[in-house]
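Have a look at the structure below before the remarks.
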Amino acid sequence: MRYWLFKSEPDVFGIDHLAQRPDQTEPWDGVRNYQARNFLRDEVSVGDKVFFYHSSCKTVGIAGIAEVVKAGYPDATQFDPESDYYDPKATPDKPRWFSVDVKYVSKFARVLPLGMIKDCPQITELGLVKKGHRLSVMPVTESEWHILNELAGRQL
DNA sequence: GCCAACGTTGGC
DNA sequence: GCCAACGTTGGC
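No gaps in the numbering here: position 114 of the first sequence is 114 in UniProt numbering, and each next residue is one more.
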């Protein structure tokens, strides 16, 4: 089992939206970066755990946890001319972009702010804290996962 | 809203 | 294949 961090803008789709879905499940779509795409297509697997990160909002940071319930499959929005994520160069034969499905697991009592993550001396290799890293899907190591969960728990 | 950093595009 | 121009991301 592996660990990941997925970014989302909570004004568009935050952890509360996920929790309120009928199945508490939603396709993670709209990823339009090749490196992130490769993770979704090739490496993210059913059962993997995901930090749900809120970006571009008042309190940026990790808001909670989700779980992968369906592994990489072609992102439907790339074929939909009405979608913001439509990609005219993609075809069902040759899809360019991939989704996974995620299910709500838990929400932290408080968002674990980016500033606290950056201040954590053990977290130096996570893409999130590295200058210029903009990936919206990134791997998290097992020790990072445990450290950040611990940090979040201490915020009660 | 600003701006730094990065990715993508397209002319040559 | 280079590289300038442009668009996007995302923290602040």
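Glycine residues also receive a C-beta, built at the ideal position from the N, C-alpha and C atoms.
request  = Apply the 10 Å Cβ neighbour rule to K58 and answer buried if 16 or more other Cβ atoms are within range, or exposed otherwise.
outcome  = exposed
key: C-beta contact flag for V69 and V102 at 8 Å   = Closer than 8 Å, so yes.
query = Can you tell which of G132, V46, Q20, L148 has its C-alpha closest to the C-alpha of V111?
reply = L148
inquiry  = Considering just the uninterrupted stretch of the alpha helix (DSSP H) at M116, what are its terminal residues?
reply    = 114-119
message = Please report the distance separating the alpha-carbon of Y3 from that of R154.
response = 21 Å
ask   = With DSSP run on the structure shown, which of helix, strand or coil describes D16?
value = helix
query = Mind pulling the beta strand (DSSP E) runs of 3 or more residues that sit fully within the region 11-78?
reply = 25-28, 49-54, 61-74
inquiry  = By alpha-carbon positions, which one of V140, G47, Q35 ends up nearest to W97?
reply    = Q35
key: Candidates D23, P139, A152, P22, of which the one nearest D48 by Cα   = P139
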